[in-house]
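Protein chains in written order, with the working numbering: chain A, 25 to 289; chain B, 25 to 289; chain C, 25 to 289; chain D, 25 to 289. The beta carbon of each residue, even a glycine, is placed where N, CA and C say it ideally should be. Treat the numbers as computed from the prediction; the structure is a model and nothing was measured. The structure under discussion appears below in the form of structure tokens.
Below, the structure written as structure tokens:
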């Protein structure tokens, strides 16, 4: 994915069609099909063979640009029925937890697979993502979302409650994106290798407080709590200024490291 | 790197030794050597053979934890004589520009190699980083910093002015971390494949304004300007609150995409 | 105003009727009239004689609370056809520029009188606000807005271009809320007493840059540029968290002091 | 105060002497005395008779500017042995709670009197501040601080525990700046008039949670929780950018209104 693309657009490619200041469409190119947008109709056949970055014009004369889908667009366009993680948080999670090529990571819950996509992309062919979910419909949806971007083979999808623990041992990292991570810290400790990275995201301070208590109780160390604010500007050279409104809160990020259990603390 | 470590600490490993609330030390394990810290002396020999995540005690009785170095620690500990990029910005740059396994990216200038480390880690064995620098001493320093973490083979270091252009064509992404990126936008356009991602970081609004003018002049599109604020909390369950002070500004992030040159704009 | 109210609601009072989580209505009580709201109809006669802070019920059975109008509500409810200053900025302007009882301040432009209301309230009976405006309809609107809250006698409204200077000399403070304050800095200097406070608010960095140039050219000193971010929380004890979205930008605040003209700078 | 100054500096005046980029000195002018600073010595006699905003030169040739003390400088220079409220918070408190000329407000605890100064200035000659403190040394210090700026007659200082309630009834506003405001909400309700404004500032989320519980239990309504971030810029026209570091947190602000007790909530 992302790197398997040819220089020109091929039938079967997952493409992103973006209009200026408009939400982009992400879809698979199929001969004979058409795309309906608010700014006019576009035939798939007219896109096949074009170089990436080309301009295409709808039947209403409106311009679009043809891109390989970006990770950001994929995440924000993920078909979903739950809250998703934002790119601002995903980027910081990856850098802080050291998620990159070759890493093995457990994620729970899977949700619609937004974060799963980013993790599967980052760990590469030699890493792996184990993702747990208890709701069958989310499990299914996430699987489909990962297949669409051809990263399904880097992910093991498990329809399973984590109350009784994870199946894996000695993984590099565990990320919990569920309302009660504090109920599973002992299980995390079992799965994580010593020195491994734990992460979670939580919307309320009440949840953060509960999680801090459990992390301390289970000898996690190097605990960090933070939040990331992302502010966009109107990118105009003669009237440069921040946008009027912004996202004020997605969640608090909590990180910790699993260390040797020590008596004299 | 990061994934080549054994389960126990080996001679020759790059290790991170971290004390609670203290800056960590990152160094290579060599038999017979000792590490001097403000919290006591530690013999390298005493670390060899220990499991990662173990506790070790200095001759003053102070505890340290033994970690595989994290990317964050590496970046923040990078031996340097310039301003470095912060993890909060690096994470967002990677997610926004789609930097992951298999990607080819140009970076200029190299500086002390802080961002180079993160990029080299992220692109994996099948990707590559081409990094340009005009100051010989920085060129040398960055090379050494990358060798230390065994990622030098994923990077081509160039001691070369980019005024006359880059040697590469059709790369996936170009990131400029220098004071006058606006002077090299035509060169970026030449090197970047259509649909490819451009990024830059700049401390002052005056520089951002100049860059916006040049990006528009060179038909870049989907231009975004933003800034990221990272706020840490004191991670105490009974007294949870943000820290007293924080970094107020590292730089403005500017992103854009190279698209087909179009007459009727 | 604000202090002339009796303990119970009187005919002719300006009242604020607020429903939980709904925008409040501010209006004058007139016998025989009715108020139409989305949550039902309320008769003015039913409010007269009630204590402030009372609950009243609409014909649909929906509850409202009866308040003396707060300054914040007045400003946010100001009948207007322009952008207004936000309470977060007004409060900091007042404290930074020392606006309080007995102060004489010039304001330009008047706009719809949102800031004028706050200034007139703050300077008390012994202070005074001189406000300049060139658009007759705004001049008229602001006058009406100030009459409504019975603070018109503390304000001199001038329908006049400030290009040729202000009529007043030796005032304590001058605040410019117009797009090109940098064109009037010499005029501000003429009107302001030595040691007096200058302030302005501007939406774009380009305007701030121009203003800084002119302030330096006119020997203003102790120049400060800042911005204020206000973040609200959902005030729920069991689920405390910031709101999802917030105002990202109202304007940059610029403050300076007029000092003795000095040759050797 | 602030408005009783003549156009030229008089013996006995409280003056502020400010150097560029240096903390200012605030002191009373006394014939024959000298001021020692890091940038040289200045004789009080050389200041008397000068216009406000004048430049004066120390015996080392360093320039200073002579100002009437600003409220901000006074607050930040307040002789103290506790944490003080910051101007960014004070301004918003005043606007939100409607603190202005003629208002009666209760404050507890007094602390070193930083907020007391701002309140006493804002309420003018016709308003009044009742301030409670249980530590005799703080009570004394605050009294001295208010005398210094000649606002002591607008303040009633009480050395008294508020556990048994406040002596005043029907005040316009109550502000609690102490670690456990949640222990005194019933007392606040007794003292505040219906429709009156309550405010508090608290450093930790744990305290905010407790306060929210008590406000709800005591039928306070229109409860708001927020925080204010103030970011300064380096005010240079050719290199405009935020400062490197900023205050990340002073406290959470909590506001509420006392309304009629209602059964069916």
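Neighbouring residues, chain A, relative to residue 268/C (Cβ below 8 Å):
271, 272 and 273
Mind checking whether residue 77/B and residue 90/B have CB atoms under 8 Å apart?
yes
Roughly how many angstroms lie between the CA atoms of residue 70/D and residue 88/D, to the nearest whole one?
12 Å
Tell me the DSSP secondary structure of residue 223/A in three-state form.
strand
Does residue 229/D get closer than 8 Å to chain A when you measure Cβ to Cβ?
yes
Residues in the same chain with beta-carbon distance under 8 Å from residue 44/C, minus the five sequence neighbours each way, listed in chain order, please.
87
Is there a Cβ from chain C that is less than 8 Å from the Cβ of residue 219/D?
yes
At 4 residues or longer, what runs of the alpha helix (DSSP H) sit wholly inside the region 79-114 of chain D?
95-101
By the DSSP assignment, the alpha helix (DSSP H) with residue 360/A in it spans what residues?
The question about residue 360/A has no answer here: the residues shown for chain A are numbered 25 through 289.
When the cut-off is 8 Å and only beta carbons count, does residue 283/A lie next to chain C?
no
Tell me which residue opens and which closes the beta strand (DSSP E) that residue 60/A is part of.
58-61
Is the beta carbon of residue 224/B closer than 8 Å to that of residue 190/B?
no
Answer yes if the region 155-168 of chain D comes into contact with the region 109-116 of chain D, meaning at least three C-beta pairs across the two stretches below 8 Å, and no otherwise.
no
Residues near residue 57/D by beta carbon distance below 7 Å, same chain, minus five either side:
68
Reduced DSSP secondary structure (H/G/I, E/B, other) of residue 196/A:
strand
Taking contact to mean at least 3 C-beta pairs separated by less than 8 Å, is the region 33-41 of chain B in contact with the region 262-282 of chain B?
no
Pick helix, strand or coil for residue 278/C, following the three-state DSSP scheme.
strand
Closest by CA to residue 207/B, which one among 134/B, 234/B and 218/B?
234/B
Chain D beta carbons: is any one of them nearer than 8 Å to that of residue 277/B?
no
Around the Cβ of residue 169/C, are there at least 16 other Cβ atoms within 10 angstroms (buried) or fewer (exposed)?
buried
What does the Cβ neighbour count give for residue 203/B, buried or exposed, with the cut at 16 atoms within 10 Å?
exposed
Per-residue burial, residue 60/B [other beta carbons within 10 Å of its own, 16 or more giving buried]:
exposed
Any C-beta of chain C sitting closer than 8 Å to the C-beta of residue 53/D?
no
Straight-line Cα distance separating residue 40/B from residue 93/B:
5 Å
For the region 115-126 of chain C and the region 139-154 of chain C, state whether three or more C-beta atom pairs, one from each stretch, are separated by less than 8 Å.
yes
Per DSSP, which residues does residue 245/D bridge with? Please list them.
281/D
Does the distance from the CB of residue 229/C to the CB of residue 264/A come in under 8 Å?
yes
If you follow the beta strand (DSSP E) that residue 71/A is part of, which residue opens it and which one closes it?
Segment: none, residue 71/A is in no beta strand (DSSP E) and carries neither H nor E.
With distances taken from CA atoms, which of 196/D, 236/D, 65/D and 219/D is nearest residue 281/D?
219/D
Give a yes or no on whether the C-beta atoms belonging to residue 84/A and residue 172/A are separated by under 8 Å.
no
Own chain partners of residue 136/A with C-beta closer than 7 Å, once the 5 adjacent residues on each side are dropped
102, 103, 104, 105, 106, 108, 162, 165, 166 and 169
Helix, strand or coil, according to DSSP, for residue 34/D in the structure here?
coil
For residue 251/A, list the residues DSSP reports as bridge partners.
255/B
How about residue 144/D and residue 100/D: do their beta carbons lie closer than 8 Å?
no
Residue 120/D by DSSP, collapsed to three states: which one?
helix
Please list, in chain order, the chain D residues whose beta carbon lies closer than 7 Å to that of residue 38/B.
Residues of chain D passing the Cβ test: none, with the nearest at roughly 30 Å.
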